[in-house]
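Trainee: Here it is, the structure in full.
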DNA sequence: GCGTTGACGTA
DNA sequence: CGTACGTCAACGCA
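Numbering (UniProt numbering), first residue to last: 1 to 891.
Structure, rendered in structure tokens:
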């Protein structure tokens, strides 16, 4: 079999991006922060389609440059008629460059030349090297390049339609050869390039002349033969036509400093591609198509993973584990986990020297179980696991434990790149090991190739264990370069066990109480619905913002509120505003409905999650929040209402469980502000914390130069808003909205504040500047957050990144501190052999269940450990409360 | 069925 | 035009 000839695909980047932009203009594609993406989206779509359909072996995208070209020197008016780049198009070229770089598709440009010239040059070279060439463009000048080897794909209207120009197709369409095309174009003129045309000569005449005389040269030689008025016009414009011809000719010998064999797609990184698609908010079909298409172009992994798998039958486990060499083993588990429990279906252990064993826990002899149990629980046998918390919970249900966890690859990857959305083992293997962890494809439930191997699942799990082991080494190295070793080893890793304990413990709830409350909220909802229907005079769904807009703005003709992407907002602020603007009762009824409905849903959601033991076992996610915080899901126990009296009633449903005496909550007071004082070193702010007065009162007294006791509620509220807003990057505008004062007054307030606390302003500015220089921010414990958008051209994105940059070290440092506090509290509880236990973490608060007789000592331990978690330049203040319910224990 | 949107609860 | 999350119902698409 003779190998296919090489095929080079050349794309005209600007031309295609422009076509794509106009084709998708009406779709108004945009990210939520205002970056338009029509051109990026359309270009990517075209690129993907043509790669898929044409299967080129070589590829490059050529771009124009902003510098003038030889054409401008020849003709100052060249392209001078081009209108301004549309505002919505701006920034999209930069995004296309980034995307191509991430996809490792070569892009070319050269000062003084247009993309067309680069394309002509490379097409000519490739042709000479016996390659086929495919040119994709929207510019008809490229037709002159068409020959037996070179085909041009010309975009038609949309982005999916392309015309394929071979010599025959050019002939058919224009009745001209490709060589004649530029002659024709020169005679015709080209408004888009500002090439003048001959009055009275259009496409028809131009083509007729070229056909008749064979070429422009021949026509000029025999120009006297052209009869009539058009003949005179032609004679008047010969010089201009010849210039047109020179401008239309594409250069085939641009000194491009690249070899043909360099024009191939390089190794690309799935995670990076996912990242840029995430940031562009491109998902679904196009993302799929890119991965599917480029999957074939994606370089083959250096080699797949190979691992010899030992499927350990009865009585083989003990011997195999005993024979394991020194070093770290990789572990992988199959099973299901969540809600404080789990089930293990299979375990794989990868040996430090290569092989891996597969263990079926259902087929263990007593001796096997004992050996496995001992090995798993042996602190001195180091182990690496991917996302260990679930398996740990599952192991506990089987009477097993897991000790010696020296690396969790999910946590390590999270610390390395906390902004990632997922940390799937497959993705990490590709990113950090540059190899594929492929699971055999299955279709229609039928086992595909090799699927009839009944050991395939075992081999797959063994492979995962092996990959985890290799990945652990790679990630630790990577993390060490980023200064994350301490956080992994001394904070996140030990925290896994503590979180598993929290999840296993759960928190007791009073089901009857919650059920009764749900009925009350439901009744209030029903009443609100009826009232709403009555005052409007028709039935509608109060839960539908769309229907509500219809009622408010079309039926009742109430004043228009703030706009959302799809219409007018009906959120609580707008409803409250509407209530002040009109006599109509509906806004107030809606507010009550929203309120009661939200509470009802919250309670309903909680009831659904009550386990058989009468407790709710949330799941804490350790690798979600980019700042380092935990998150809580199924259900989220970090957003149980507290602000309103009605909402707080829900907290009375969380109670002390049987066998315990009371609940205890302990929270850090103003921890983020204390961190700000510490990090900024602002002496005045530090002094305010040390003054012993209420903090907001103390800062207000300094700002307004009043004795603390003369600070009234109004002043205190203003400064409180300032204090908290600063850490979020609050603008003058935002502050004015929040305090209901004019923007100018908000600006003055800020000025007055910084007059007193100038160190805070310096600090906040310095953080952003530092982050821009480094590309990341850092917490007190070295937790990094990478913020590439700090250098974005897009103002909205850049300013968003700046706010993230100043918030991340503050929020993240608070997260660091409470994590350390949790570890220390847990250790102290163990050392004092207390039976009280930690149940929840809510960012700056810990909730405990107090065993009988331990209240006093527990309070002491918690206070001490939370206070000592980290030495800031101001004291960490902890306030403690106790009570039968979470509400009673609050403060 | 699935993903997006608007709304809203917490720190 | 204030950061970080998770959940719900409605809705539009496939």
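Ideal Cβ positions, reconstructed from N, Cα and C, are used throughout, including at glycine. Predicted model, so just to flag it, every value in this text is computed and none were measured.
1) Does the stretch 454 to 462 touch the stretch 579 to 586, meaning 3 or more C-beta pairs lie closer than 8 Å?
2) Can the beta-carbon of residue 493 be found less than 8 Å from the beta-carbon of residue 622?
3) Beta-carbon within less than 6 Å of residue 443's beta-carbon, same chain only, minus the 5 sequence neighbours each way: which residues are those?
4) To the nearest angstrom, how far is the alpha carbon of residue 29 from that of residue 797?
5) Answer with buried or exposed for residue 336, where buried requires no fewer than 16 other C-beta atoms within 10 angstroms of its C-beta.
6) I need the straight-line Cα distance from residue 590 to residue 554, nearest angstrom please.
7) Identify the continuous alpha helix (DSSP H) that holds residue 632 and give its terminal residues.
8) Compute the Euclidean distance between the alpha carbons of residue 1 and residue 277, then round it to the nearest angstrom.
9) Can you list, in chain order, the residues of its chain with a C-beta nearer than 8 Å to that of residue 816? Leave out the 5 residues immediately preceding and following it.
10) Return the CA-CA distance between residue 313 and residue 401, expressed in angstroms with no decimal places.
11) State the DSSP-derived secondary structure class of residue 937, mapped to helix, strand or coil.
12) Spatial neighbours of residue 298 within its chain, please: CB distance less than 7 Å, with the 5 preceding and 5 following residues excluded, ordered by chain position.
13) Tell me which same chain residues have a C-beta within less than 6 Å of the C-beta of residue 711, skipping the five on either side of it?
14) If we require 4 or more residues per run, which alpha helix (DSSP H) segments fall completely within the stretch 725 to 767?
15) Is the distance from the Cβ of residue 671 to the Cβ of residue 844 below 8 Å?
16) Cα separation between residue 353 and residue 326?
17) By the DSSP assignment, the beta strand (DSSP E) with residue 784 in it spans what residues?
18) Using DSSP with H/G/I as helix, E/B as strand and the rest coil, what is residue 821?
19) Quick one: grab the DSSP three-state call for residue 621.
20) Going by the beta-carbon positions, is the gap between residue 834 and residue 857 smaller than 8 Å?
21) Helix, strand or coil: how does DSSP classify residue 874 here?
22) Starting from the C-beta of residue 549, find all residues in its chain whose C-beta is less than 8 Å away, skip the five residues before and the five after it, and write them out in chain order.
23) Quick one: is residue 429 buried, meaning 16 or more other Cβ sit within 10 Å of its Cβ, or exposed?
24) Mind reading off the beta-carbon distance from residue 96 to residue 39? Whole number of angstroms is fine, and I expect it under 8 Å.
25) Counting only runs of 4+ residues fully inside the stretch 464 to 515, write out the alpha helix (DSSP H) ranges in chain order.
26) Going by CA-CA distance only, name the one from 11, 117, 565 that's closest to residue 138.
27) Near residue 727, which residues of its chain fall below 8 Å by C-beta distance, leaving aside the five closest residues on each side in sequence?
28) Hey, could you find the ends of the beta strand (DSSP E) residue 857 is sitting in?
29) How about residue 468 and residue 422: do their beta carbons lie closer than 8 Å?
30) Looking at residue 757: is its Cβ nearer than 8 Å to the Cβ of residue 691?
31) Alpha carbon to alpha carbon, what distance is there between residue 111 and residue 801?
32) Taking the CB atoms as reference points, tell me whether residue 392 and residue 496 lie closer together than 8 Å.
33) For residue 568, does the three-state DSSP call read helix, strand or coil?
34) With a cut-off of 8 Å on the beta carbons, I'd call residue 513 and residue 647 a contact; round off their distance for me.
35) With DSSP as the reference, label residue 540 as helix, strand or coil.
Mentor: So, from the data block:
1) The stretch 579 to 586, when compared against the stretch 454 to 462, does not touch it at the 8 Å Cβ threshold.
2) Going by C-beta atoms, residue 493 is not nearer than 8 Å to residue 622.
3) Only weak support exists for where residue 443 lies, its pLDDT of 38 falling under 50; the value from the coordinates is given anyway. Excluding sequence positions up to five before and after residue 443, its CB lies less than 6 Å from no other CB in the same chain.
4) If you take the alpha carbons of residue 29 and residue 797, they lie about 16 Å apart.
5) Flag for residue 336 reads exposed.
6) Roughly 17 Å between the two C-alpha positions.
7) Element bounds for residue 632: not the alpha helix (DSSP H) but the beta strand (DSSP E), 631 to 633.
8) Here the model assigns residue 1 a pLDDT of 40, short of 50, so the residue's position is not dependable and the matter cannot be decided.
9) In its chain, beyond the 5 residues on either side, 487, 491, 628, 779, 780, 781, 783, 870 have a beta carbon closer than 8 Å to the beta carbon of residue 816.
10) Computed Cα separation, rounded: 22 Å.
11) Because the chain here runs from 1 to 891, residue 937 falls outside it and cannot be looked at.
12) Interpretation of residue 298 is limited by its pLDDT of 44, a score under 50 that renders its predicted location unreliable; the figure taken from the coordinates is listed afterwards. Apart from the 5 residues on each side of it in sequence, residue 298 sits with its Cβ closer than 7 Å to the Cβ of 268 in its chain, given in chain order.
13) Taken in chain order, the residues that qualify are 697, 700, 701.
14) Runs of the alpha helix (DSSP H) inside the stretch 725 to 767: 732 to 739, 743 to 756.
15) Taking 8 Å as the Cβ cut-off, residue 671 and residue 844 qualify as a contacting pair.
16) For residue 353 and residue 326, the distance between alpha carbons rounds to 9 Å.
17) Per DSSP, residue 784 belongs to the beta strand (DSSP E) from 784 to 786.
18) Helix at residue 821.
19) In the three-state scheme derived from DSSP, where H, G and I count as helix and E and B as strand, residue 621 is classed as strand.
20) Taking 8 Å as the cut-off, the Cβ atoms of residue 834 and residue 857 count as close.
21) If DSSP states are grouped into helix, strand and coil, residue 874 belongs with coil.
22) Hits under 8 Å: 567, 568, 570.
23) Residue 429 should be labelled buried.
24) In this structure residue 96 touches residue 39 by the C-beta definition: roughly 7 Å separates them, less than 8 Å.
25) Entirely contained in the stretch 464 to 515, the alpha helix (DSSP H) runs reaching 4 residues are, in chain order, 493 to 505.
26) The option with the nearest alpha carbon to residue 138 is 11.
27) Around residue 727: 672, 673, 676, 806, 807, 810, 811.
28) Counting along the chain, no beta strand (DSSP E) covers residue 857; the unbroken alpha helix (DSSP H) around it starts and ends at 855 to 867.
29) Taking 8 Å as the cut-off, the Cβ atoms of residue 468 and residue 422 do not count as close.
30) No.
31) For residue 801 and residue 111, the distance between alpha carbons rounds to 33 Å.
32) Inclusion of residue 392 and residue 496 in the CB contact set at 8 Å is warranted, their separation being smaller than that value.
33) Here residue 568 sits in strand by DSSP.
34) That pair is no contact at about 15 Å.
35) Reduced to three states, the DSSP call for residue 540 is coil.
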